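> For reference, the structure I am asking about is given below.
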Amino acid sequence: MGYGFLGFLAIAFLSLAAGAALAGSTRNPFPRRLVMAAVALRIVGSIARFDMIRLFYGGLADANRYFHEGLTLAKRIWAFDPWVFTAEFWLGGTERAWGTPFMEKITGVVLTLVGPTMRGAYLIFSMMAFTGLYLIALAVYRNRPGPGAVHFAAWIWLWPSLWFWPSSIGKEAVTVFAMGLVTFGYAGGGNRIRWGPLLAGLGLAFALRPHVGAVLGLALAGAYWLQTWQRPSPRKVLEMIVAAALAVVLLNGMAAQFGLEDPDLEGVQEFVSFRGGQTMTGGSNLGGRPSGPLALPMAFVNIWVRPFPWDVHNVMALFSCLEVLLLWWLAWKHRKWLRVALKGWWRDRMLSFATPLLFGYTLMLGLTFANLGIIARQRSPLFPFLFMLLTAAGAYGLAEHRTRAPALPRRADTPSPSPGAARRTDPPPSRPTRPEAGAGARG
């Protein structure tokens with residue numbers, strides 16, 4: 206038994222211990238069993254993800270590349286190579302600093318701390334994703350305490366895609382963590398922005414996937430603009446200006462990173478066409494990207510409706526199809542709550558952020574990617590924001606509806622009180638009662 210497995214066991218034990226400490230903390234508003242079940246699922250998910258890549262794909266996955274490149278970096282750090290301790294190395298130097306190189310450096314830092322254990326590194330990234338999901342659930346709870354927020358936490362912590370896809374060395378885990386930081390920074394402090402986690406999350410998302418950082422920035426600016434004009438104040442106006450400036454900076458940075466020096470419509474279309482063509486490989490490719498008048502609706506169909514039953518050609522596609530069916534069953538079951546939430550999403554702090562993010566991210570994935578396998582993996586960070594509409598937001602709307610319910614009408618056979626009775630304030634005189642036999646003995 207080598208260090209690879211022993212390291213995994215040690216990290217699994219530490220994960221359970223950290224989960225128990227979190228569950229028992231006075232600052233944790235969620236049930237202990239729910240937190241421990243979520244941590245246990247991260248261990249299961251990392252094992253399942255590792256064995257799936259090893260058995261079904263022969264170890265050919267991006268996670269293996271990240272591990273080996275990261276291990277090379279970790280060995281250089283262990284050897285105190287001067288180059289890896291310079292700012293130029295971490296900023297990329299003459300090479301590209303974002304995307305895959307940035308992911309390899311994150312993996313290198315993780316392996317420096319835990320050693321050469323691939324299974325253990327899978328679990329570390331799985332717990333990183335859970336940290337992001339916990340921050341999202343905590344932000345929802347602090348804005349809307351109650352059973353609805355706990356219900357929301359249960360769905361996002363136990364949903365299959367959210368304990369399977371981000372449970373490996375990969376960009377999905379870091380993306381979920383970054384989204385958790387941004388959501389908690391935006392809403393975790395009530396009406397005030399927590400700039401530390403928000404800026405850290407935006408920077409992490411942009412360094413990993415510039416387009417994700419840009420979409421997060423736009424959703425953040427739009428949400429704060431909607432919230433500011435409901436109850437304007439000098440502080441809110443200033444924060445709205447800062448959020449809008451951040452969105453502009455992220456958009457310009459994304460265009461520069463992707464080589465769009467003049468990001469006009471034609472240039473963006475050429476870039477999307479090029480990126481989409483790179484994903485039309487393998488048995489899960491869609492055969493083409495949506496275009497023309499049906500591009501927008503087909504983008505949503507590809508992300509949230511497919512794979513259809515006739516698209517299923519392997520075990521993973523079958524699980525993805527069943528998950529989509531379960532999702533639409535939940536949407537139908539909660540259709541009344543969903544309708545209430547969508548009617549006033551711009552008035553709610555969480556939904557005013559989640560709804561534009563859902564729309565923008567879905568549009569970006571649906572118009573760019575033409576492979577069902579890639580879509581199933583990259584849509585996983587969106588599920589928490591979808592469940593904001595189906596659970597916590599729905600419970601909030603239902604609670605408001607109940608508080609505004611009219612009084613019950615009087616029954617027809619109930620006599621109305623007379624005017625004299627309505628004016629009477631003194632109670633009627635009581636008749637003296639005859640004491641029962643033996644009452645004094647009992648007294």
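Residue numbers (the working numbering): 206 to 648.
Beta carbons are placed, not taken as given, at the ideal position from N, Cα and C, and that holds for glycine.
Predicted model, so just to flag it, every value in this text is computed and none were measured.
Around the C-beta of Glu293, are 16 or more other C-beta atoms found within 10 angstroms, so that it is buried, or is it exposed?
Against the sequence shown, residue 293 aligns to sequence position 88. So Glu293 counts as exposed.
> Are the segment 327–345 and the segment 583–598 touching, with three or more C-beta to C-beta distances below 8 Å?
Yes: at least three Cβ pairs fall under 8 Å.
> Report the rounded CA-to-CA distance for His416 versus Ala326, giving the unit in angstroms.
Numbered from 1 along the sequence shown, position 211 holds the residue referred to as residue 416. Numbered from 1 along the sequence shown, position 121 holds the residue referred to as residue 326. Straight-line Cα distance between these residues: approximately 26 Å.
> Can you round the beta-carbon distance between Trp362 and Ala243 to whole angstroms, since I take them to be within the 8 Å contact cut?
Position 157 of the sequence shown, counting from 1, holds the residue named residue 362. Position 38 of the sequence shown, counting from 1, holds the residue named residue 243. That belief holds up - the Cβ atoms of Trp362 and Ala243 are roughly 4 Å apart, short of 8 Å.
> So for Asn269, helix, strand or coil by DSSP?
Residue 269 sits at position 64 when you count from the first residue of the sequence shown. Looking at Asn269 - three-state DSSP - the assignment turns out to be helix.
> Taking His356 as part of the alpha helix (DSSP H), name the residues at either end of that continuous run.
Taking the sequence shown and counting its residues from 1, the one referred to as residue 356 is at position 151. From DSSP, the alpha helix (DSSP H) with His356 extends over Pro352 to Leu363.
> Entirely within the segment 310–337 and at least 4 residues each: give me those alpha helix (DSSP H) ranges in chain order.
none
> Residues in the same chain with beta-carbon distance under 7 Å from Met332, minus the five sequence neighbours each way, listed in chain order, please.
Taking the sequence shown and counting its residues from 1, one reaches residue 332 at position 127. The answer, listed in chain order, is Ser220 and Arg247.
> According to DSSP, what are the bridge partners of Arg397?
As a position in the sequence shown, residue 397 is number 192, starting the count at 1. According to DSSP, which records beta bridges pairwise, Arg397 is partnered with Gly394.
> Going by DSSP in three states, Leu276 sits in which element: helix, strand or coil?
Here residue 276 corresponds to residue number 71 of the sequence shown, with the count starting at 1. Helix, per DSSP.
> If distances are taken between C-alpha atoms only, which option among Phe335, Asp286, Ile252 and Phe255 comes closest to Met241?
Residue numbering aside, residue 241 sits at position 36 when the sequence shown is read from its first letter. Here the closest residue by C-alpha is Phe335.
> For Thr277, which residues in the same chain have their Cβ closer than 6 Å to its Cβ, ignoring the five residues on either side in sequence?
As a working note, residue 277 is residue 72 in the sequence shown. Excluding residues within five positions, none has a Cβ falling inside 6 Å.
> Measure the alpha-carbon distance for Gly418 versus Trp400 and round it to whole angstroms.
By one-based count along the sequence shown, residue 418 stands at place 213. By one-based count along the sequence shown, residue 400 stands at place 195. Taking the straight line from one Cα to the other gives about 15 Å.
> What three-state label does DSSP hand Gly549 in the structure shown?
Within the sequence shown, residue 549 is the residue found at index 344, counting from 1. Here Gly549 sits in coil by DSSP.
> Quick check: the Cα distance between His539 and Lys548, rounded to an integer number of angstroms?
Residue 539 sits at position 334 when you count from the first residue of the sequence shown. Residue 548 sits at position 343 when you count from the first residue of the sequence shown. Approximately 14 Å between the Cα atoms of the pair.
> Specify the secondary structure class of Phe213 as computed by DSSP and reduced to three states.
For the purposes of this step, residue 213 is taken as the residue at position 8 of the sequence shown. Reduced to three states, the DSSP call for Phe213 is helix.
> State the Cα-Cα distance for the pair Phe285 and Ala279, rounded to the nearest angstrom.
In the sequence shown, residue 285 corresponds to position 80, counting from 1. In the sequence shown, residue 279 corresponds to position 74, counting from 1. Near 10 Å, if we compare the C-alpha coordinates of Ala279 and Phe285.
> Do you know offhand how far Asn348's Cα is from Gly393's?
Within the sequence shown, the letter at position 143 stands for residue 348. Within the sequence shown, the letter at position 188 stands for residue 393. Looking at the two C-alpha atoms, the distance is approximately 7 Å.
> Have a look at Trp283, Ile508, Trp542 and Ala559 and flag the residue whose alpha-carbon is nearest the alpha-carbon of Ile580.
Position 375 of the sequence shown holds residue 580. Checked all of Trp283, Ile508, Trp542 and Ala559; the closest Cα to Ile580 is Ile508.
> Under DSSP, the alpha helix (DSSP H) around Leu594 begins and ends at which residues?
Here residue 594 refers to the residue found at position 389 when the sequence shown is read from its first residue. That residue, Leu594, is in no alpha helix (DSSP H); it is neither H nor E in DSSP.
> For the putative contact between Ile696 and Ile329, defined by C-beta atoms under 8 Å, what is the C-beta separation to the nearest angstrom?
Residue 696 cannot be examined here, being either before or after the span of the chain that is shown, 206 to 648.
> Among the candidates Ala412, Phe290, Val420 and Phe369, whose CA atom is the shortest distance from the CA of Phe524?
Walking along the sequence shown from the start, residue 524 turns up at place 319. If we check each option's Cα against that of Phe524, Phe369 comes out closest.
> If we ignore side chains and look at the alpha-carbon of each, how far apart do Pro287 and Gly209 end up?
If you number the sequence shown from 1, residue 287 lands on position 82. If you number the sequence shown from 1, residue 209 lands on position 4. Each residue's Cα considered, the two are about 28 Å apart.
> Can you grab the Cα-Cα spacing for the pair Ala536 / Ala228, in whole Å?
By 1-based counting over the sequence shown, the position of residue 536 is 331. By 1-based counting over the sequence shown, the position of residue 228 is 23. Between Ala536 and Ala228, the C-alpha separation is close to 30 Å.
> State the DSSP-derived secondary structure class of Arg281, mapped to helix, strand or coil.
As a first step, residue 281 must be located in the sequence shown, where it is residue number 76. Arg281 falls in the helix class under three-state DSSP.
> Can you tell me which of the three DSSP states Thr291 falls into?
Translated into the one-based positions of the sequence shown, residue 291 becomes position 86. If DSSP states are grouped into helix, strand and coil, Thr291 belongs with coil.
> Could you pull out every residue in the same chain whose Cβ sits closer than 6 Å to the Cβ of Pro234, ignoring the five residues on either side in sequence?
As a first step, residue 234 must be located in the sequence shown, where it is residue number 29. Cβ within range, chain order: Tyr346.
> Grouping DSSP H, G and I as helix and E and B as strand, with all else coil, what is Asp286?
On the sequence shown, residue 286 is found 81 positions in, with the first residue counted as 1. Note: Asp286 maps to coil in three-state DSSP.
> Where does Leu296 sit, in a helix, a strand or coil, going by DSSP?
Counting from one through the sequence shown, the residue named residue 296 turns up at place 91. In the structure shown, Leu296 sits in coil (DSSP, three-state: anything other than H, G, I, E or B).
> How is Arg347 classed by DSSP in three states: helix, strand or coil?
Translated into the one-based positions of the sequence shown, residue 347 becomes position 142. Correct three-state label for Arg347: helix.
> Any idea what DSSP makes of Arg259, helix, strand or coil?
On the sequence shown, position 54 is the one that residue 259 refers to. DSSP places Arg259 in helix when its eight states are reduced to three.
> Look up Ala598 in the DSSP assignment and say whether it is helix, strand or coil.
Counting from one through the sequence shown, the residue named residue 598 turns up at place 393. Confidence in Ala598 is poor, its pLDDT being 49 and thus under 50, which makes the residue's placement too unreliable to answer from.
> Short check: CB of Asn396 to CB of Met323, under 9 Å?
By 1-based counting over the sequence shown, the position of residue 396 is 191. By 1-based counting over the sequence shown, the position of residue 323 is 118. No.
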